[in-house]
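**Q** Residue numbers (this note's numbering): 7 to 210.
Ideal placement from N, C-alpha and C gives every residue a C-beta, glycine not left out.
Below you will find the structure I want to go over with you.
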């Protein structure tokens with residue numbers, strides 16, 4: 007719920023900078039990016055890392071939510087930048103940001119690049135993906151959208167989100183249930199190996 011609230015507030019902040027203050031999407035994005043970098047820098051100076059789990063200290067939690075708010079605001083501004091400045095259609099904008107997220111996932115699994123850095127990159131780009139994909143679902147067909155309306159688009163997004171949460175929860179539960187068995191199995195193998203080595207003299 008807090009993530010949804012910061013996402014909504016982030017959209018309002020982005021629109022305020024870009025439209026009410028007339029900074030435009032380019033300068034608005036740069037300003038929000040600077041705010042995010044400064045927040046992460048202050049966080050790192052304070053705690054020596056940018057790990058998001060576990061977060062116990064209240065001060066660290068404050069840094070976390072400020073960074074989340076800047077990330078959501080930056081994501082909204084960047085999504086508008088792709089559509090209004092660069093001129094991408096809503097579908098192309100969503101595909102570009104989704105491609106970046108997929109690239110980050112691949113880098114996470116196949117390289118040793120810092121996972122915390124990859125987390126923040128992926129998190130920032132989930133927001134412009136959500137914004138551009140949401141526009142693709144709701145905007146009129148003449149503007150490159152599907153014209154599903156906000157209610158239908160919200161239902162689609164909610165179904166997808168609930169499905170992904172269910173998959174993640176099921177995977178996590180399956181891992182926890184199998185973890186004791188894996189540990190006991192490994193302990194049994196170590197015990198057998200030790201017995202054969204010390205008693206019979208077998209070498210492995």
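1. To the nearest angstrom, how far is the alpha carbon of residue 67 from that of residue 162?
2. Label residue 20 either buried or exposed according to how many other C-beta atoms from any shown protein chain fall within 10 Å of its C-beta, with 16 as the threshold for buried.
3. Within 7 angstroms: the Cβ of residue 131 and any heavy atom of the ligand GTP?
4. If you draw a straight line from the alpha carbon of residue 54 to that of residue 179, how long is it in whole angstroms?
5. If residue 85 and residue 137 are in contact, beta carbons under 8 angstroms, what's the gap, nearest whole angstrom?
6. Beta-carbon within less than 7 angstroms of residue 187's beta-carbon, same chain only, minus the 5 sequence neighbours each way: which residues are those?
7. What is the rounded straight-line gap between the Cα of residue 190 and the Cα of residue 177?
8. Near residue 65, which residues of its chain fall below 8 angstroms by C-beta distance, leaving aside the five closest residues on each side in sequence?
9. Grab me the residues of residue 135's own chain with a C-beta within less than 7 angstroms of its C-beta, minus the 5 sequence neighbours each way, in chain order.
10. Apply the 10 Å Cβ neighbour rule to residue 153 and answer buried if 16 or more other Cβ atoms are within range, or exposed otherwise.
11. Please report the distance separating the alpha-carbon of residue 129 from that of residue 77.
12. Rounded C-beta distance between residue 80 and residue 35? I'm assuming under 8 angstroms.
13. Please look up how many angstroms separate the CB atoms of residue 12 and residue 82, rounded, as I've assumed it's under 8 angstroms.
14. So within the region 94-156, which uninterrupted alpha helix (DSSP H) runs reach at least 4 residues, ignoring any that extend past its ends?
15. Based on Cα-Cα distance, which residue from 61, 69, 147, 23 lies nearest to residue 42?
16. Between which two residues does the alpha helix (DSSP H) harbouring residue 25 extend?
17. What separation, rounded to the nearest whole angstrom, lies between the Cα atoms of residue 9 and residue 171?
18. For residue 97 and residue 142, which I take to be in contact (beta-carbon distance under 8 angstroms), what is that distance rounded to the nearest angstrom?
**A** Inspection of the coordinates gives the following:
1. The alpha-carbon of residue 67 is positioned some 31 angstroms away from that of residue 162.
2. With at least 16 other beta carbons inside 10 angstroms of its own, residue 20 counts as buried.
3. As for the ligand GTP, it is missing from this structure, which has no ligand bound.
4. If you take the alpha carbons of residue 54 and residue 179, they lie about 31 angstroms apart.
5. Contact annotation, residue 85 with residue 137: C-beta distance approximately 4 angstroms; criterion of less than 8 angstroms satisfied.
6. Because the pLDDT at residue 187 is just 46, under 50, the model does not fix this residue reliably, and the value given afterwards should be weighed accordingly. So no residue of the chain qualifies.
7. Only weak support is given to the placement of residue 190: the predicted model assigns it a pLDDT of 47, under 50, and the value that follows is read from those uncertain coordinates. Computed Cα separation, rounded: 20 angstroms.
8. So the qualifying residues of the chain are 52.
9. If you ignore the 5 residues before and after residue 135, its C-beta comes within less than 7 angstroms of the C-beta of 100, 103, 104, 107, all in its own chain and listed in chain order.
10. Residue 153 is classed as exposed because its beta carbon has fewer than 16 other beta carbons within 10 Å across all chains shown.
11. When rounded, the separation of the alpha-carbon atoms in residue 129 and residue 77 is 7 angstroms.
12. Confirmed, Cβ separation roughly 6 angstroms.
13. Wrong, their Cβ atoms sit about 11 angstroms apart, outside the cutoff.
14. Runs found: 96-116, 121-144.
15. Nearest option by C-alpha distance: 69.
16. Premise fails: residue 25 is in no alpha helix (DSSP H) and is neither H nor E.
17. Their backbone Cα atoms lie some 14 angstroms apart in a straight line.
18. Residue 142 and residue 97 do touch by the CB rule: their CB atoms are close to 5 angstroms apart, below 8 angstroms.
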